[in-house]
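Using mature numbering (1 follows the signal peptide of the UniProt record, and there is no 0), the letters of the sequence shown map in sequence onto residues -20 to -1, 1 to 503.
Note that CB positions come from ideal geometry on N, CA and C, so glycine has one too.
Here the structure comes first, spelled out in structure tokens, and everything after it is commentary.
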Amino acid sequence: MRTSHLGAGLAAVGAATVQAIAVPATPSWPAGACTDKSLSIPSWIILDYTAIPGAGTVTFSVENRAAGTTGSVSCVAGGVCSQLSGSAQLSASVQAGPVPLVSIAESWTCSDYGVEVAFNATGSASITSGPAIPYLAPGRLSSPVPLTPTQPSPPAGYTAPTCAEVGPGAWSLTSLSVANYTAGQCRQWYRRDVLCLDPAATHGGEGFVRKGVYVNLTVTNHALGQAFACDNVMVSTDPAAPLPTAPTRCVGNGTFGEITLDVRLAGTLPQVTVQVEQLWYCLVDPQSNVEPIVIDATGLAAAAAPLVCTATAGITGAADDIITTCLDPAAGFLSIDGTVLVQTALPAFSLGTAAATTGGCTAASVLGPAWTISNPQWQVGQADGRLVQFSAQLGNPAFAWPSYAGAALDGGAAGDPDTWYACAYGVAADEAAAAGPCRLRFDPATRTLGLVQTWPCRDKDAAHPLYFTGSRAAMVFAATAWGPRCANDNPGLVSCAYVYNDASTVTQRFAMEDVTVSLTSTT
């Protein structure tokens, strides 16, 4: 059991039992969803891996998590497997050794979006415990696009041998300090306690410090072997009031698979109590178990003797601008006993499986995107019909306002409707760069638009985006009750737009379908 080294400083007391951290819901994939699963979690579960004594063979079953197909195979150890039953498009092999390696390849199709998409993938898993547990074999797609979707990483310490141990000495609390600011640290306010006009250098490049009470401390979770810090976290906005009993979040946002830490400071300086509540994840005995648990536990500590407080003048030097800093005089650590509030079992492999999604950039690009063209507007020369400007809002899958940039990409005389122009995006430069290359042509006489655009999809693997190029040679903007309405509103120019009752906030949209799409690159 860990003991306090604070002497006259802090000492452990009984743990509180009120749960403040909500256990996040476990993400789950719905039944079906073949296309979305195939693009997000292409993978297999290997079950019942059994070596037949004396026969030199192994058998196992395979479940495709994306397509829902299953198969049973028999293999010569160190060779190719023969199929016993199930999916005809499934193949497997086993690499013999102290830790056998099962490799899987499978082809399947999905048509849940009304479009048949063919998938091919491979994956592998190391067999570490024989038939004791199922194994997850993550997949790598080779078609319809080369893709290894990113999966979440389990949180730190989740396979530590002690990760489920909660009891005496569950945490150590160190580096405790509390600071009380009676006034916001700003010399020139634009709006008091809201917006400070001081140069950034005045505050070391950081934002100004608002009035209130702040805590610094480090909590070490000995079950995980990990330390977590509360760095200058505000626990109260009222420097004159007693410390609140409401918890303050130090670590985590409450999302699934994320370690969360709350602290509660209570009392009146220099006498304080500190309660720790922490939620974490654990996989007990990975050699015989694949179902993790989530643990929420708490412990309470109190100051047996006051902290030592020092008052200094604040940044303004005013009488009501005082900074009081309180420190543990022993500068040691406190051992806090833990009490489990909640312990819940989770589905197998849930910590390493991407959350369910519907559609998205990659899915839309594979299935066949359709652009939405909104608010098309253009200007032409009154004398020669030369296109001066074209603009429109381009959506799904592309990105904001493309317009004639003033430089012809392909040859053509002024006014030639076959001239292609670069798109100029009416958005921030970084957004335009993210949107990818684009070019367009427009024939104002027939209201015909041609469009070619490249766009990246980062939704499945942000570090390795897929670049798609889509094109549509010609789409005619039909005449509607909205227009187009044309006027000579500039000398020598004719301006045309779709306007509804002269209310520019109402949008005319046109669907640009039958877009031809190709994968441009994977880098």
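(request) Would you mind listing the beta strand (DSSP E) stretches within the stretch 89 to 150 that are 3+ residues and don't spill past its ends, in chain order? (result) 97 to 106 and 115 to 123
(message) When you measure from the CB of F99 to every non-hydrogen atom of the ligand PLP, does any distance come out below 7 Å?
(response) Only the bare structure without any ligand can be found here, which leaves the ligand PLP out of the picture.
(message) For a minimum of 4 consecutive residues, which ranges assigned as the alpha helix (DSSP H) are wholly contained in the stretch 1 to 49?
(response) Runs found: 14 to 20.
(request) Within its chain, find whatever has a CB closer than 6 Å to the CB of I303; leave out the 5 residues flanking it on each side and keep chain order. (result) In the sequence shown, residue 303 corresponds to position 323, counting from 1. Here the set comprises Y161, T292 and G294.
(request) Along the alpha helix (DSSP H) that carries C341, what are the first and last residues, could you check? (result) Position 361 of the sequence shown holds residue 341. Run containing C341: C341 to L347, per the alpha helix (DSSP H) assignment.
(request) Have a look at P464 and A85 and give me their C-alpha separation to the nearest angstrom. (result) Position 484 of the sequence shown, counted from the first residue, corresponds to residue 464. Position 105 of the sequence shown, counted from the first residue, corresponds to residue 85. Computed Cα separation, rounded: 55 Å.
(request) Look at S87 and Q69 and say whether their C-beta atoms are less than 8 Å apart. (result) Along the sequence shown, one-based indexing puts residue 87 at 107. Along the sequence shown, one-based indexing puts residue 69 at 89. For S87 and Q69, yes; Cβs fall inside 8 Å.
(message) Given a cut-off of 8 Å on the beta-carbon distance, is the pair V274 and V158 in contact?
(response) Sequence index remark: in the sequence shown, residue 274 carries index 294 (1-based). Sequence index remark: in the sequence shown, residue 158 carries index 178 (1-based). Result no, Cβ atoms of V274 and V158 do not sit closer than 8 Å.
(message) Output needed for D301: all residues of its chain with C-beta closer than 6 Å, excluding positions within five of it in sequence on either side, in chain order.
(response) The residue given as residue 301 occupies position 321 in the sequence shown. For D301, where only same-chain residues beyond five positions count, the Cβ hits under 6 Å are A163 and G294.
(request) Using three-state DSSP, classify G51 as helix, strand or coil. (result) In the sequence shown, counting from the first residue as 1, residue 51 sits at position 71. G51 falls in the strand class under three-state DSSP.
(request) Identify whether G361 lies in helix, strand or coil by the three-state DSSP scheme. (result) For the purposes of this step, residue 361 is identified with residue 381 of the sequence shown, where counting begins at 1. DSSP places G361 in strand when its eight states are reduced to three.
(message) Here's a check: name, in chain order, each residue in its chain whose Cβ is nearer than 7 Å to the Cβ of D211, leaving out the five neighbours to either side.
(response) Position 231 of the sequence shown holds residue 211. Excluding positions up to five away in sequence, the list reads N196.
(message) Nearest by alpha-carbon distance to P118: which of E43, A57, Y194 and P78 is it?
(response) Taking the first residue of the sequence shown as 1, we reach residue 118 at position 138. Comparing Cα positions, the closest option is E43.
(request) Identify which residue in S20, T50 and A57 has its Cα closest to the Cα of V38. (result) By one-based count along the sequence shown, residue 38 stands at place 58. Residue A57 is the option with its Cα nearest to V38.
(request) Find out if the Cβ-Cβ distance for the pair L326, P272 is shorter than 8 Å. (result) Looking up residue 326 in the sequence shown gives position 346. Looking up residue 272 in the sequence shown gives position 292. It is a contact, given that the beta carbons lie within the stated cut-off.
(message) Quick test of your reading: T278 and L321, contact by CB under 8 Å. State the CB separation rounded to the nearest angstrom.
(response) Stepping through the sequence shown from its first residue, residue 278 is reached at position 298. Stepping through the sequence shown from its first residue, residue 321 is reached at position 341. Confirmed, about 6 Å.
(message) Can you tell me whether S330 is helix, strand or coil according to DSSP?
(response) Walking along the sequence shown from the start, residue 330 turns up at place 350. If DSSP states are grouped into helix, strand and coil, S330 belongs with the helices.
(request) Kindly list the residues whose CB is nearer than 7 Å to the CB of G361, restricted to its own chain and excluding five residues on each side of it in sequence; keep chain order. (result) As a working note, residue 361 is residue 381 in the sequence shown. The residues are V368, G472 and L473.
(message) Between the alpha carbons of V497 and T449, how many angstroms are there, rounded?
(response) What you label residue 497 is simply residue 517 of the sequence shown in a count that begins at 1. What you label residue 449 is simply residue 469 of the sequence shown in a count that begins at 1. Those two C-alpha atoms are separated by around 6 Å.
(message) Can you confirm whether the stretch 336 to 345 touches the stretch 15 to 31 when touching is taken to mean that 3 or more C-beta pairs between the two stretches lie within less than 8 Å?
(response) yes
(request) Taking all protein chains shown into account, decide if H444 is buried (16 or more other Cβ within 10 angstroms of its Cβ) or exposed. (result) As a first step, residue 444 is located in the sequence shown; it is residue number 464 there, counting from the start. Flag for H444 reads exposed.
(request) Can you give me the start and stop residues for the beta strand (DSSP E) that P436 sits inside? (result) In the sequence shown, residue 436 corresponds to position 456, counting from 1. It spans T428 to C437 - the beta strand (DSSP E) in which P436 sits, taken as one unbroken run.
(request) Would you list, in sequence order, the uninterrupted beta strand (DSSP E) runs of no fewer than 3 residues that lie entirely inside the stretch 249 to 312? (result) 251 to 262, 273 to 283, 288 to 293 and 302 to 307
(request) Return the chain-ordered list of same chain residues with a C-beta closer than 6 Å to the C-beta of P397, the five sequence neighbours on each side being excluded. (result) Your numbering for residue 397 matches position 417 in the sequence shown. For P397, where only same-chain residues beyond five positions count, the Cβ hits under 6 Å are D423.
(message) On the criterion of 16 or more Cβ atoms from any shown chain inside 10 Å, does R244 qualify as buried, or is it exposed?
(response) Working through the sequence shown from its first residue, we reach residue 244 at position 264. Around the beta carbon of R244, a 10 Å sphere encloses 16 or more other beta carbons of the protein chains shown; the residue is thus reported as buried.
(message) For A209 and L121, I'd like the C-alpha separation in whole angstroms.
(response) Position 229 of the sequence shown, counted from the start, is the residue given in the question as residue 209. Position 141 of the sequence shown, counted from the start, is the residue given in the question as residue 121. So the two alpha carbons sit approximately 40 Å from each other.
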